[in-house]
Structure formats: C-alpha cells, structure tokens
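Comments concern the structure below.
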Amino acid sequence: MPSFDVVSEVDTHELTNAVDQANKEVSTRFDFKGTDASFELAQHEVVLSGESTFQLGQMLDIFRIKLSRRGVDVDCMDVQKAEESGLRVRQKVIIKEGLDSESAKKITKLIKEKKLKVQAQIQKEQVRVTGKKRDELQAVMALLKAEDLGIPLQFKNFRD
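Numbering of the sequence shown is given in the working numbering, commencing with residue 205 and proceeding in unit increments.
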C-alpha cells in the first residue's frame, strides 16, 4: 500500500551555511562598519547581537534572505523579542523543527475533511499518510502544499 510521511525538518548544514554567510555580509557591509554585530548558532537557536534595534532589523532581513537562498523555508523561524542590556541588543531566533501535536492534528483533520480515500496517522513528530492509489497521495501532497499551516512541510519516504 503506497504511503508517505509529512514532516517538518530543517537542514542543519544549510542553516549553518546561512549563518556563516550572514556573518560574512554583516562584516563587509558599509552600514555595519565599526560595529560588533554578529550571528551565533547554538543547537536550533540563532542569536543576533548588535548595537541598536534598527541594526537587528537589518540583520534579521539579511538572515531571512540567506535562509531563502539556501533553500530553507523562513516559516521555521520563531523570532523572539529583542533584549536590551547596556550598549548591546540581543534577539533570539528559534528554529522550529518537528510537527507538534496541534499541527499534526490540524493536518489529519484537513485530510479527513476533504474525504479523500486515504488514512492519516500521527507518529511522534510526523504524520504518515497511506492510501490505495498513488494519485490520491499526490492529491494530498498538493492539498497540503496549498494550505498555509504556518510551518514548513516536507514529504519523505514516498513508498509505492
């Protein structure tokens, strides 16, 4: 029976490359000359640090551009509030990965509402969709791509 998995993953290697490219651009840009602005990656969290909130806004735009160029969906970013301390301003960007139970339930509900001849099962941080025909599974993929769930979705393990 054909099946596939719906997951939400971020390629950590591409994330690292995007952070490195953003750091390189900040170090060479004219409007950041003489400042100590930087991006730091730790696990699934990127910390932006600069001298003003305006700089952080510019840095966030740079980071979004670098992520999209590397093929990482910017919907995975959860931008936190900026923290001011003395002469420095820091802002955390948490990279969301994996489907939480609420999103998984939303996906299964969406599939069941369309009354397609497929079954959707929640398995930890992914949703497995099985059906009798490959065309039905492709219809589900098109449906999920068209919906805006607020998280990036990938389809893996397509088995015939």
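Cβ atoms here follow ideal geometry from the backbone N, Cα and C, with glycine treated the same way.
Note that the structure is a prediction, hence the values are computed from the model and not measured.
Indicate the three-state DSSP secondary structure (helix, strand or coil) for residue i in the structure shown.
i	result
residue 367	Past the edges of the chain, shown from 205 to 364, lies residue 367, and the structure says nothing about it.
residue 253	strand
residue 311	helix
residue 213	coil
Can you check whether the CB of residue j is closer than 7 Å to the CB of residue i?
i	j	result
residue 266	residue 229	yes
residue 194	residue 282	The first residue shown for the chain is 205 and the last is 364, placing residue 194 beyond what the model contains.
residue 251	residue 285	no
residue 208	residue 362	yes
residue 239	residue 255	yes
residue 318	residue 211	no
residue 320	residue 351	no
Give me the residue from the options with the minimum Cα distance to residue i.
i	options	result
residue 261	279, 293, 247	293
residue 243	234, 258, 222, 235	222
residue 213	255, 351, 336, 331	331
residue 354	279, 247, 312, 320	279
residue 289	245, 232, 253	253
Taking the DSSP output, what are the residues bridged to residue i?
i	result
residue 334	207, 323
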